[in-house]
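These notes concern the structure reproduced below.
There are 2 protein chains.
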Amino acid sequence: MSERIWTAALVVIGDEILSGRTQDKNVAQFATWLNVQGIRLAEVRVVPDVQDAIVEAVNVLRARNDYLFTTGGIGPTHDDITVDAIAAALGVQVIVHPAARAALERHYQTRGGLTDARLRMARVPEGAELIVNRVSGAPGIKHGNIFILAGVPHIAAGMLDALTGTLEGGKPVLSRTIGAWVAESEIADMLGITERAFDGVAIGSYPFFRDGRTGANFVVRATDPDILNACADMLLAGLGDKGLEAFEGGI
Amino acid sequence: MSERIWTAALVVIGDEILSGRTQDKNVAQFATWLNVQGIRLAEVRVVPDVQDAIVEAVNVLRARNDYLFTTGGIGPTHDDITVDAIAAALGVQVIVHPAARAALERHYQTRGGLTDARLRMARVPEGAELIVNRVSGAPGIKHGNIFILAGVPHIAAGMLDALTGTLEGGKPVLSRTIGAWVAESEIADMLGITERAFDGVAIGSYPFFRDGRTGANFVVRATDPDILNACADMLLAGLGDKGLEAFEGGI
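Protein sequences appear in the order of chains Y and X.
In terms of the numbering used here, the first sequence is residues 38 to 288.
In terms of the numbering used here, the second sequence is residues 38 to 288.
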C-alpha cells in the first residue's frame with residue numbers, strides 16, 4: 038500500500054492488569070475506535086504503576102508512532118502517578134491547569150468541595166490541553182501527540198468520544214470475515230496463496246473448537262474495498278473448490 | 038522487601054488483538070497463574086504478526102526478566118511466524134523437532150495425516166524442548182527462559198497446567214481486598230499514609246460507579262501475611278474512623 042499509514046500506540050498503566058485482578062477492556066475498545074479514525078493500533082504495552090517503566094514506554098512509543106495513548110493512573114490517590122511520569126518523560130514541570138481546576142470545582146461543588154486530593158486531578162504536564170470528561174470529574178490530557186486518558190473503560194470511552202473526528206488519520210482498515218468448519222491446517226497453503234495474490238491485504242486465520250467440531254474464521258483486511266472484495270472472493274472460491282461451505286460474516 | 042523477586046514478561050503476538058477483533062484473555066490468565074508460581078508479571082507487550090516487532094520485544098524482555106512467555110502464532114498458517122521470529126531473535130536455526138513430529142503424526146493419524154502445513158507445527162528454534170499440549174496437536178516450546186505458548190486461551194491454559202510447579206519462583210503475592218461506598222478522593226491521604234506505614238506492601242485503589250453510587254475497592258498486596266494483615270487492618274480502622282462501612286472481600 039502506498040498511502041500513508043497512521044499509527045498509534047497504547048500504554049496501559051496499572052498494577053491491577055498485571056496482577057490479573059482486572060480484565061483489560063481498553064485494548065479492544067481503543068483498537069476499534071482508532072480504526073474508525075483511520076489510525077492503526079500498532080503496539081500495546083502494559084506497565085506497572087512505576088515511574089521508570091512508564092517513562093521508558095512513553096518515550097519509545099511516542100517517538101515512533103503518530104499518536105500515543107495512555108490509560109490509567111490519573112485519579113486522586115497515591116498510586117496515580119501517570120501525570121508525573123509523563124512530565125518526567127517530556128522533561129517538563131507539572132502544573133495545575135486553571136481550566137481543570139475550575140472543572141473540578143464545579144464538579145465537586147455539590148460533592149463536598151475541592152480537597153487537596155481532588156486537586157491532584159487538575160495537575161498536568163506543562164503545555165497540556167484538556168480532553169473533556171463528560172462522565173466524572175477528572176479531565177483527560179493532551180500534550181503534543183500524547184493523549185492521557187482514564188483507566189475505567191466507560192470513562193475512557195467518553196473521552197474517546199470527545200476526541201472523535203479531531204485526529205488526522207488515513208483510510209480505515211476494512212475487513213470481511215469468512216468462516217468454515219475446517220481445521221486451518223487443511224487449507225493453510227490456499228490461504229497463503231490467496232493472501233500473496235494481492236498487495237495491501239492481510240488474512241488472519243483464527244481456529245476454534247466448538248460443539249466438538251473444529252472450525253476457523255478467516256479475516257481479510259485491506260483499506261481498498263476492491264482489493265478486499267477480490268481477495269475475499271478468491272478465498273470463497275478456494276473454500277468451495279475444497280467442497281467446504283463458507284460462512285460470510287464468520288461462524 | 039529483601040527477598041528475591043522473580044519476574045516474567047508476556048508478549049502477546051497477534052493482529053487480532055491489535056485490530057480489536059479479539060478480546061485478549063491471556064494477560065489475566067497468565068498473571069494469575071504466574072502469581073501462584075511465585076512469579077510476578079512485570080510487563081506485557083502486544084505486538085503484530087511482524088517479525089521485527091516480535092524480535093525486538095523478545096530480546097528486550099527476555100534479558101531483563103527471569104522468564105519470557107509468548108502467546109500466539111504457533112499454528113500451521115502463513116500468519117504463524119512466532120517460531121521463525123524467536124529463532125531470529127536467538128540467532129539459531131529453525132529445525133523440525135523429532136518428538137513434535139511424532140506427536141503430530143499420532144494426533145493426525147485419524148485426522149487425514151501429517152501434511153506439510155501441519156508439519157510446520159513441529160518446527161522449533163534449535164535447542165528447544167517441548168511443552169505438552171493436552172488439548173490439540175501443536176506442542177508448546179521452551180528455549181532457555183522463553184516459553185512459547187498457544188494463543189487460543191484454553192490451549193494456553195492446558196500448557197500452563199503442564200508447566201505448573203516446574204518454574205523456580207519466590208513467594209506468591211498475597212492480597213486482601215476491602216471495599217467501601219466512598220469516592221476515593223475522600224480518603225486518598227489516609228490510603229497513602231497507610232501504605233507508607235509498611236515496607237513491602239502496595240495498596241491499589243480502584244474506583245467504580247454502580248447503581249448510581251460511587252465506591253472503590255482497595256487491594257492490599259504483600260508477600261508477607263503478617264505485613265499484609267497489619268496493613269489491611271490499619272486500612273479497616275482508617276475507614277471506620279471516617280464513619281465508613283468497610284466490606285472485606287470488596288464490593
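From the three backbone atoms N, C-alpha and C, an ideal C-beta is built for every residue, glycine too.
No experiment lies behind these values; they were computed from the predicted model shown.
Legend entry - Residue from X:Thr214, X:Asn266 and X:Phe246 with nearest C-alpha to phenylalanine 235 (chain X): Looking up residue 235 (chain X) in the second sequence gives position 198. The candidate whose alpha carbon is nearest that of phenylalanine 235 (chain X) is X:Asn266.
Legend entry - Short CB-CB distance (under 9 Å) between lysine 62 (chain X) and chain Y: Translated into positions along the second sequence, residue 62 (chain X) becomes position 25. Yes, because at least one Cβ of chain Y sits closer than 9 Å to the Cβ of lysine 62 (chain X).
Legend entry - Simplified DSSP state of leucine 204 (chain Y), which is helix, strand or coil: By 1-based counting over the first sequence, the position of residue 204 (chain Y) is 167. The answer is coil: DSSP assigns leucine 204 (chain Y) none of H, G, I, E or B.
Legend entry - Limits of the unbroken beta strand (DSSP E) element including alanine 253 (chain Y): The residue labelled residue 253 (chain Y) in the question sits at position 216 within the first sequence. 250-259 is the extent of the beta strand (DSSP E) around alanine 253 (chain Y).
Legend entry - Proximal residues to methionine 38 (chain X) (C-beta, below 6 Å), its chain only, five neighbours per side dropped: Against the second sequence, residue 38 (chain X) aligns to sequence position 1. Annotation note: pLDDT 45 at methionine 38 (chain X) (below 50); position unreliable, coordinate value reported separately. Excluding sequence neighbours, methionine 38 (chain X) sits near Gly237.
Legend entry - Residue from Y:Gly241, Y:Lys179 and Y:Met158 with nearest C-alpha to leucine 167 (chain Y): Within the first sequence, residue 167 (chain Y) is the residue found at index 130, counting from 1. Comparing Cα-Cα distances from leucine 167 (chain Y) to each of Y:Gly241, Y:Lys179 and Y:Met158, the minimum goes to Y:Lys179.
Legend entry - Proximity test, Cβ basis, 9 Å: methionine 38 (chain Y) and chain X: As a position in the first sequence, residue 38 (chain Y) is number 1, starting the count at 1. Because methionine 38 (chain Y) sits at a pLDDT of 45, beneath the cut-off of 50, its placement in the model cannot be relied upon, and the point is left open.
Inset, instruction - Give the interface partners of arginine 160 (chain X) over in chain Y, defined as CB-CB distance under 8 Å, in chain order. - result: Position 123 of the second sequence, counted from the start, is the residue given in the question as residue 160 (chain X). Simply none; closest approach about 13 Å.
Legend entry - Residue burial classification, threonine 114 (chain X) (beta-carbon count within 10 angstroms, cutoff 16): As a first step, residue 114 (chain X) must be located in the second sequence, where it is residue number 77. Buried: at least 16 other Cβ atoms inside 10 Å.
Legend entry - Own chain partners of alanine 137 (chain X) with C-beta closer than 6 Å, once the 5 adjacent residues on each side are dropped: Here residue 137 (chain X) refers to the residue found at position 100 of the second sequence. Cβ within range, chain order: Ala159, Leu167 and Pro176.
Inset, instruction - Please list the segments of the alpha helix (DSSP H) lying wholly inside the segment 88-176 of chain X, counting only runs of 4 or more residues, in order along the chain. - result: Scanning the segment 88-176 of chain X from its first residue to its last, the whole alpha helix (DSSP H) runs of 4-plus residues come out as 88-101, 119-127, 135-145 and 153-156.
Inset, instruction - Determine the closest residue to glutamate 163 (chain X) out of X:Gly206, X:Ile185 and X:Leu127, with distance taken between C-alpha atoms. - result: For the purposes of this step, residue 163 (chain X) is identified with residue 126 of the second sequence, where counting begins at 1. Residue X:Leu127 is the option with its Cα nearest to glutamate 163 (chain X).
Inset, instruction - Would you be able to state if there are at least three C-beta pairs under 8 Å between the segment 41-58 of chain X and the segment 70-85 of chain X? - result: yes
Inset, instruction - Please classify glutamate 282 (chain Y): does DSSP put it in a helix, a strand, or coil? - result: For the purposes of this step, residue 282 (chain Y) is taken as residue 245 along the first sequence, with counting starting at 1. Coil.
Inset, instruction - Anything in chain X within Cβ reach of arginine 155 (chain Y), meaning under 7 Å, just list it in chain order. - result: Counting from 1 along the first sequence, the entry for residue 155 (chain Y) is found at position 118. Listed along chain X, the residues sitting closer than 7 Å to arginine 155 (chain Y) by beta-carbon distance are Ser222.
Inset, instruction - Note down, in chain order, all residues in the segment 101-112 of chain Y with a beta-carbon under 8 Å from any beta-carbon belonging to chain X. - result: The segment 101-112 of chain Y vs chain X, Cβ under 8 Å: Gly112.
Inset, instruction - Would you please verify whether the beta carbon of aspartate 226 (chain X) is less than 9 Å from any beta carbon of chain Y? - result: By 1-based counting over the second sequence, the position of residue 226 (chain X) is 189. So, interface residue.
Inset, instruction - Spatial neighbours of alanine 122 (chain X) within its chain, please: CB distance less than 6 Å, with the 5 preceding and 5 following residues excluded, ordered by chain position. - result: For the purposes of this step, residue 122 (chain X) is identified with residue 85 of the second sequence, where counting begins at 1. Apart from sequence neighbours up to five positions away, the residues of its chain that approach alanine 122 (chain X) with a beta-carbon distance below 6 Å are Gln88, Ile91 and Val92, ordered along the chain.
Legend entry - Residues of its chain near alanine 124 (chain Y), where Cβ-Cβ distance is below 6 Å and the 5 sequence neighbours each way are ignored: The residue you call residue 124 (chain Y) lines up with position 87 of the first sequence. Closer than 6 Å at Cβ, skipping near neighbours: Val131 and Pro162.
Legend entry - Pair within 9 Å by beta-carbon distance, valine 2 (chain X) and valine 120 (chain X): Lying before the first or after the last residue shown, residue 2 (chain X) is absent from chain X, which here runs from 38 to 288.
Legend entry - When X:Gly249, X:Gln66, X:Val129 and X:Ala269 are compared against alanine 193 (chain X), the one with the closest alpha-carbon: As a working mapping, residue 193 (chain X) is identified with position 156 in the second sequence. The candidate whose alpha carbon is nearest that of alanine 193 (chain X) is X:Gln66.
Inset, instruction - Would you verify that the beta carbon of glutamine 146 (chain X) is, or is not, closer than 9 Å to some beta carbon of chain Y? - result: For the purposes of this step, residue 146 (chain X) is identified with residue 109 of the second sequence, where counting begins at 1. Closer than 9 Å: no.
Inset, instruction - Name, in chain order, the residues that DSSP records as bridge partners for valine 49 (chain Y). - result: Here residue 49 (chain Y) refers to the residue found at position 12 when the first sequence is read from its first residue. Paired residue(s): Y:Val83 and Y:Thr108.
Inset, instruction - Could you pull the start and end residues of the beta strand (DSSP E) that isoleucine 215 (chain X) belongs to? - result: Your numbering for residue 215 (chain X) matches position 178 in the second sequence. First-last of the beta strand (DSSP E) with isoleucine 215 (chain X): 211-217.
Legend entry - Inter-residue spacing [alpha-carbon to alpha-carbon] between alanine 274 (chain Y) and methionine 227 (chain Y): To locate residue 274 (chain Y), count along the first sequence from 1; it is residue 237. To locate residue 227 (chain Y), count along the first sequence from 1; it is residue 190. Cα to Cα, alanine 274 (chain Y) sits roughly 10 Å from methionine 227 (chain Y).
Inset, instruction - Determine the DSSP secondary structure at phenylalanine 246 (chain Y), reduced to helix, strand or coil. - result: The sequence position of residue 246 (chain Y) within the first sequence is 209, counting from 1. It is a strand residue.
Inset, instruction - Indicate whether the contact test is met: 3 or more Cβ pairs, each with one atom in the segment 247-267 of chain X and one in the segment 201-214 of chain X, closer than 8 Å. - result: yes
Inset, instruction - For arginine 58 (chain Y), go through chain C and note every residue whose CB falls closer than 7 Å to its CB, in chain order. - result: Protein chains Y and X are contained in the structure displayed, whereas chain C is not.
Inset, instruction - Output yes if chain Y places a C-beta closer than 9 Å to the C-beta of asparagine 72 (chain X); else output no. - result: If you number the second sequence from 1, residue 72 (chain X) lands on position 35. It does; some Cβ of chain Y falls within 9 Å.
Inset, instruction - Give the residues from the segment 73-85 of chain X that approach chain Y closer than 9 Å (Cβ to any Cβ), ordered along the chain. - result: For chain Y, the residues of the segment 73-85 of chain X that bring a beta carbon within less than 9 Å of one of its beta carbons are Arg77, Leu78, Ala79, Glu80, Val81, Arg82, Val83, Val84 and Pro85, in chain order.
Inset, instruction - Report back the beta-carbon spacing between threonine 231 (chain Y) and methionine 271 (chain Y) to the nearest angstrom; my notes put them in contact at under 8 Å. - result: Start at 1 with the first residue of the first sequence, and residue 231 (chain Y) comes out as number 194. Start at 1 with the first residue of the first sequence, and residue 271 (chain Y) comes out as number 234. Indeed, because the Cβ distance is near 5 Å, the residues count as touching under 8 Å.
Inset, instruction - Could you have a look at arginine 77 (chain X) and say whether DSSP puts it in helix, strand or coil? - result: Numbered from its first residue, the second sequence carries residue 77 (chain X) at position 40. DSSP places arginine 77 (chain X) in strand when its eight states are reduced to three.
Legend entry - Other residues of its chain near histidine 144 (chain X): CB distance less than 7 Å, five sequence neighbours each side excluded: Counting from 1 along the second sequence, the entry for residue 144 (chain X) is found at position 107. Taken in chain order, the residues that qualify are Gly174.
Inset, instruction - Out of Y:Pro244, Y:Gln74 and Y:Ala269, state which residue places its alpha-carbon closest to the alpha-carbon of isoleucine 288 (chain Y). - result: Taking the first residue of the first sequence as 1, we reach residue 288 (chain Y) at position 251. Closest by alpha carbon: Y:Pro244.
Inset, instruction - Alpha carbon to alpha carbon, how far is threonine 59 (chain Y) from isoleucine 118 (chain X)? Give it in angstroms, no decimals. - result: Indexing the second sequence from 1 puts residue 118 (chain X) at position 81. Indexing the first sequence from 1 puts residue 59 (chain Y) at position 22. Distance from the CA atom of isoleucine 118 (chain X) to the CA atom of threonine 59 (chain Y), rounded to whole angstroms, is 30 Å.
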